[in-house]
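Visitor: Starting off with a structure, shown below.
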Amino acid sequence: MNLKTPLYSSISFLELFWALSCPSVQVEAQLNVGFYSKSCPSAEQIVKEEVMKGFMSNNSIAPGLVRMHFHDCFVRLIFFSLLSFQGCDGSVLIDSTSSNIAEKDSVVNNPSLQGFNVIDNAKTRLESQCAGVVSYADILAFVARDNIETTRRLAYDVPAGRRNGWVSLASEALQDFPTPTLNFDQHTQNFANKGLTQEEMVTLSESHKIGQSHCTSFNRRLYNFNGTNGPDPTLDPNMT
Ligand code: HEM
Ligand SMILES: *[C@@H]1O[C@H](CO)[C@@H](O)[C@H](O)[C@H]1NC(C)=O
Ligand SMILES: *[C@@H]1O[C@H](CO)[C@@H](O)[C@H](O)[C@H]1NC(C)=O
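Be aware that the sequence shown starts at 225, since it is given in the working numbering, and climbs by one per residue.
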């Protein structure tokens with residue numbers, strides 16, 4: 225998938241004018257629940273149907289898609305006093321080119337990130353209904369919500385109106401993502417760097433109640449922790 229077609233439709237000239245003339249430039253978009261209710265009324269329904277189809281075909285896809293939204297949002301989530309980028313910009317979907325290795329091909333995403341075909345299928349249907357209206361960034365946000373709803377029965381409204389970004393660098397993904405070797409304080413700091421609280425870090429990490437991980441992410445704590453020839457003593461012994 226690539227993002228060659230810009231989605232200009234959601235940017236009004238007035239907003240553009242405001243952004244250019246305002247002394248403190250704010251790149252963050254104004255998000256609203258029901259953003260597509262006039263421009264593409266069945267948008268959220270179409271996405272939900274494609275998520276359900278994906279789930280029926282293979283239920284391992286659901287956690288992959290929740291993770292995809294996180295991996296989209298955490299890169300380019302930048303806070304300066306005058307300029308901020310919200311991170312959830314669809315950049316995780318941009319393909320690498322001969323001159324750029326995109327986020328998608330960073331080791332944090334390739335080969336572990338899964339479920340891209342659900343996004344492709346939803347986008348194809350959305351384009352046939354309302355071409356050029358619904359951003360990839362919003363599709364990822366709706367898809368994550370629908371998968372949480374499908375797997376955990378937790379429904380929530382998703383404010384929409386995100387715009388697609390154009391920059392996707394594997395090097396940024398590598399810098400920004402927490403590794404499984406960090407401790408609690410380091411995770412807290414890592415999320416704080418993105419403007420997120422410790423409570424938000426813990427809450428978001430609950431997403432790991434669904435999904436799978438490759439053994440390489442945690443086996444060092446199970447068999448020969450720190451050269452002890454046993455498991456990490458801080459892990460629940462019933463689990464190790
Ligand atoms: C707090 C720091 C985090 C770390 C260190 C972390 C690390 C990881 C690792 C190592 C995996 C396994 C990848 C693999 O081997 O395939 C994983 C999977 C996953 N992560 Fe995280 N993660 C973090 C935060 C989050 C957040 C905030 C979310 C979502 C809100 C999330 C959602 C998921 C999901 C759903 C999976 C399962 C993916 C699948 O089954 O395909 N993670 N994470
Ligand atoms: C479902 O997806 C998982 C993870 O991508 C894969 O290991 C498994 O083989 C798939 N199952 C089927 C029935 O295709
Ligand atoms: C690992 O082992 C070293 C040397 O025995 C020790 O100083 C260190 O505290 C251990 N680290 C952890 C996390 O247990």
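Each residue gets a CB set at the ideal place from its N, CA and C atoms; glycine is no exception.
Please report the residue range of the alpha helix (DSSP H) in which Ala267 lies.
Guide: Against the sequence shown, residue 267 aligns to sequence position 43. First-last of the alpha helix (DSSP H) with Ala267: 267 to 281.
Visitor: Can you list, in chain order, the residues of its chain with a C-beta nearer than 8 Å to that of His295? Leave out the 5 residues immediately preceding and following it.
Guide: Here residue 295 is taken as the residue at index 71 of the sequence shown, counted from 1. Contacts found: Val316, Glu327, Val332, Asn333, Leu337, Ala397, Phe401.
Visitor: In the DSSP assignment, find the unbroken alpha helix (DSSP H) run with Ile372 in it and report its ends.
Guide: Here residue 372 refers to the residue found at position 148 when the sequence shown is read from its first residue. Start and end: 360 to 376.
Visitor: Name the residue from Thr412, Ser437, Ser441 whose alpha carbon lies nearest to the alpha carbon of Thr427.
Guide: Locating residue 427 in the sequence shown gives position 203, counting from the first residue. For the residues Thr412, Ser437, Ser441, the minimum Cα distance to Thr427 belongs to Thr412.
Visitor: Indicate whether Gly339 and Ile285 have their beta-carbon atoms separated by less than 8 Å.
Guide: For the purposes of this step, residue 339 is taken as the residue at position 115 of the sequence shown. For the purposes of this step, residue 285 is taken as the residue at position 61 of the sequence shown. Result yes, Cβ atoms of Gly339 and Ile285 sit closer than 8 Å.
Visitor: For Ser236, count the other beta carbons within 10 Å of its own beta carbon; 16 or more makes it buried, fewer makes it exposed. Which is it?
Guide: Counting from 1 along the sequence shown, the entry for residue 236 is found at position 12. Its pLDDT being 32, under 50, Ser236 is placed unreliably in this model, and the value from its coordinates should be taken loosely. Label assigned to Ser236: exposed.
Visitor: Are there any heavy atoms of ligand 3 lying less than 7 Å away from the beta-carbon of Asn450, as far as the coordinates show?
Guide: As a working note, residue 450 is residue 226 in the sequence shown. Yes, the beta carbon of Asn450 sits closer than 7 Å to at least one heavy atom of ligand 3.
Visitor: In chain order, what residues of the same chain have a beta carbon less than 8 Å from the beta carbon of Thr374, not counting five sequence neighbours either side?
Guide: Position 150 of the sequence shown, counted from the start, is the residue given in the question as residue 374. The residues are Val275, Met276, Phe279, Ala286.
Visitor: Could you tell me the alpha carbon to alpha carbon distance between Arg387 and Gly356, rounded to whole angstroms?
Guide: In the sequence shown, the residue the question calls residue 387 occupies position 163. In the sequence shown, the residue the question calls residue 356 occupies position 132. Cα-Cα distance, rounded: 12 Å.
Visitor: Is the beta carbon of Arg369 within less than 7 Å of some heavy atom of ligand 1?
Guide: Within the sequence shown, numbered from 1, the residue matching residue 369 stands at position 145. Answer for Arg369: no, Cβ out of range of ligand 1.
Visitor: May I have all residues whose beta carbon comes closer than 6 Å to any heavy atom of ligand 2, sorted in chain order?
Guide: My final list is Asn282, Ser284, Gln338.
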